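Here's the structure, in C-alpha cells; my notes come after.
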Amino acid sequence: MAVDLSFCLSLLLVSTQLLATPSRAFSAAAADARTCGSENGLSATARSDGSGLDIDRLRNTIASGRVYQQRGFFTEGQVEALLSEVDDLRASGALQPSGLSNTNKGSKQNFGKVDREVCPVPWWKESLSGEAREIAIDLSPEEKERVAVRAKLRDLRSSLSSLLERNTMVDPGLAHECYYSRSTKGAFLDRHMDERHEETKGSRGWLLPSRRSISWLVYLSDPDWDEDINGGQLRTFPQAKFNGYNPGKLEAGSHNGNLQVGWLLRQQGATVPVYLDSWFKTRSVATGDVEPHCILYIVDEKSYSSVEYITRPWVNDLVQGGTAADFLKVRAKLDENEYQKCERAESDGCLFVKKEFASSFRLLEDRESWSNGNNPDDSVIEDIVPFRGSLVMFDSVSVPHEVSLVKAGTRTALAGWFHEETQAFPEDFYDS
C-alpha cells in the first residue's frame, strides 16, 4: 500500500500524543427495545403510524444497518404525475448525465450518455415548510397529485424525526436534498457511502451546519420491474453478525451524536459498531489545560449504559496528508503487526489499546479494498428491487451500497437525503 511520506511522519507525531485510556466510561442510553421487523430477514409485529410506516420494522431495520422498503408508498396517479414532470425537465435540458461523483477526480468525472441523468426537484425547497400550494379547483389533476406528494414527503420527514429520535430532522431550514434520477440500459453506480464522520472529511468536516441522516428513494420505474430482466437493484452490504442492535441504545450509524467510522469484527462474538468521539476530554501534558481529543469506542451490548474505549486519545489536527480514516487504517495495521514492540512504551506506542482491537477493526468505507474487488469484510449482499411506487430508506452513514447494471427499461426515482444538525461542540466541555 502506497502511503505519502508526510502522512507516515504524521503517524509518528500523533503517536507521541497518545495517552493512557480508562477501559470503561458511562454514557447515556435511551428508548425501549422493540420487536424486530419482518422484512430484510427480520421477524415482526406490525404497528403503523399516520404515514403507513411499519414502526417496529422501520426502527429495527434502520438500527441494524439495513434497508427499509415499503411497497405502494406512492399511488399510481402520483407516480404518473412525477414522471410527467421528469419528461418536461428532460425536454428543457434540466436533466444532466451524472454517474457517481468521486471528489478525488475533481472536474474529471467523464460522465456520458450511459450514466444516469439527474436534476434537482424544482418545488423541493418550498415544500419543506409547507409553502406548496394547496389543492384547489384551478389545479390540474397532475398538479394536485404533485401537491399530495409534497405533503406526503413532509409528513414522512416529521414521522422519521420522531420515530428515529433524530429531533433536528424536522427543521425545514436544514439543507434537506431532493432530486430526480433516471437510468436506462447500461447505467450503474459504483459502491459508495452517502455520509461519513466529520473527522474523515478533512478540513471542511465541521464547517457545514447539517449532515445527511436518512437516505431515501421512491421508485418511479417501469411497471412490473423484474430483477433478472431489468436489473438495476440497489445492492447493499450489511454486516452478517451485527445481532445486538437495539433501537435508541445500540444502532448502526451513530451513538449519542458520535458517528460510526467502522466495525469491530470479533472472532468470538458478534460484530459491533465503532464510533468516533471528537470531544474526549484530555489534559495537556504541556499546559495542563483540558483539550478535546479523538477516541474510538464501542457500546456494551448487555447493559447499553457503558462504553469501552478501544484506542487511546489522539489529536486529529496532527494527521497530515490524510484524513482520520486513512490514519486509522494505517495505525490498525501497524499496531497489529508490531504490538509487542509499541506496547512497551505506552504513551509513545500503539493507538489501539489491545492487539485484538487493532486486528479486528475495519473501516466503514474502505475504497482501496473495494477498488480491488473486495466486499466489506463479514458482510452479506442484500438486493432491493426498484418496484414502482415503493419507498426505500436507510441510515446515510452506515450502509455501503451500489446500483447494479440496468439491463432493460427505465429506472426512475425521486430521491434525496433528510438532514440533521451537525454535532455541536459540547457547551459544558470546559465545565469542571
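Residue numbers (the working numbering): 4 to 435. Note that CB positions come from ideal geometry on N, CA and C, so glycine has one too. Given the structure is predicted, the values throughout are model-derived calculations rather than measurements.
1. Helix, strand or coil for S143? Go by DSSP, reduced to three states.
2. Beta-carbon within less than 6 Å of L220's beta-carbon, same chain only, minus the 5 sequence neighbours each way: which residues are those?
3. How is Q81 classed by DSSP in three states: helix, strand or coil?
4. Decide if G75 is buried, meaning its Cβ has at least 16 other Cβ atoms within 10 Å, or exposed.
5. In chain order, what residues of the same chain have a beta carbon less than 8 Å from the beta carbon of Y248, not counting five sequence neighbours either side?
6. Taking Cβ positions, are P123 and Y71 nearer each other than 9 Å?
7. Starting from I387, trace the beta strand (DSSP E) in both directions and tell me its first and last residue.
8. How many Å lie between S143 and V150 at the Cα?
9. Between A28 and V322, what straight-line distance do the alpha-carbon atoms span, to the nearest angstrom?
10. Exposed or buried, which one is A375 when buried takes at least 16 other CB atoms within 10 Å?
11. For L192, count neighbouring Cβ atoms within 10 angstroms of its own Cβ and tell me buried if that reaches 16, exposed if not.
12. Leaving out the 5 sequence neighbours to the left and right, which residues in its chain are closer than 6 Å to A335 when beta-carbon positions are compared?
13. So who's on the other strand from K410, going by DSSP bridges?
14. Which word fits G235, buried or exposed, when buried means at least 16 other C-beta atoms lie within 10 angstroms of its C-beta?
15. Would you say the region 227–247 touches the region 258–277, given that touching needs at least three Cβ pairs under 8 Å?
16. Near S436, what residues of its chain come up, given a Cβ to Cβ distance below 7 Å and the 5 sequence neighbours on each side ignored?
17. Buried or exposed for F428, going by 16 or more other Cβ atoms inside 10 Å?
18. Measure the alpha-carbon distance for N378 versus D329 and round it to whole angstroms.
19. Any idea if Y278 is buried or exposed, counting beta-carbon neighbours within 10 angstroms, 16 or more meaning buried?
20. Could you tell me which residues DSSP puts in a beta bridge with G96?
21. Between L354, G176, E168, R194, which lies nearest to L408 when the distance is taken from Cα to Cα?
22. Nearest to E146 by CA position, among E88, T187, E202, R119, is which residue?
23. Following the continuous alpha helix (DSSP H) through S374, name the residue where it begins and the one where it ends.
24. R238 lies in the beta strand (DSSP E); which residues open and close that run?
25. Between the Cα of R119 and the Cα atoms of P100, A84, H422, G260, which residue gives the shortest distance?
26. Where does T187 fall in DSSP's three states?
27. Our contact map puts G412 next to E79 with C-beta atoms below 8 Å; I'd like the distance itself, whole angstroms only.
28. Hey, how far is the Cα of R315 from the Cα of P250?
29. DSSP puts A427 in a beta bridge; with which residues?
By the coordinates alone:
1. Coil.
2. Excluding sequence neighbours, L220 sits near V395, A416, A418.
3. For Q81, the three-state secondary structure derived from DSSP is helix.
4. Label assigned to G75: exposed.
5. N63, A66, S67, G68, E254, A255, listed in sequence order.
6. No, the pair does not count as a contact, with Cβ atoms beyond the cut-off.
7. According to the DSSP assignment, I387 belongs to the beta strand (DSSP E) that extends over 385–387.
8. Straight-line Cα distance between these residues: approximately 11 Å.
9. Its pLDDT being 34, under 50, A28 is placed unreliably in this model, and the value from its coordinates should be taken loosely. Computed Cα separation, rounded: 26 Å.
10. Per the sequence shown, the amino acid found at residue 375 is Asn instead of Ala. Classified as exposed, N375 has fewer than 16 neighbouring CB atoms from the shown chains inside 10 Å of its CB.
11. Buried: at least 16 other Cβ atoms inside 10 Å.
12. A361, F364, listed in sequence order.
13. Under DSSP, no beta-bridge partner is assigned to K410.
14. The residue in question, G235, is buried, as its Cβ has 16 or more Cβ neighbours within 10 Å.
15. The region 227–247, when compared against the region 258–277, does touch it at the 8 Å Cβ threshold.
16. It is not possible to answer for residue 436, since the shown part of the chain is limited to 4 through 435.
17. Counting other Cβ atoms within 10 Å of its Cβ, F428 stays below 16 and is therefore classed as exposed.
18. Each residue's alpha carbon lies about 18 Å from the other.
19. Its Cβ being crowded by 16 or more others within 10 Å, Y278 is buried.
20. In DSSP, G96 forms no bridge with anything.
21. Closest by alpha carbon: R194.
22. Cα-wise, what sits closest to E146 is E88.
23. Where S374 is concerned, the enclosing alpha helix (DSSP H) stretches over 370–374.
24. Per DSSP, R238 belongs to the beta strand (DSSP E) from 237–239.
25. Nearest C-alpha to R119: P100.
26. Reduced to three states, the DSSP call for T187 is coil.
27. No, G412 and E79 are not in contact; Cβ-Cβ is about 17 Å, not under 8 Å.
28. Taking the straight line joining both Cα atoms gives about 28 Å.
29. The beta-bridge partner set that DSSP reports for A427 is empty.
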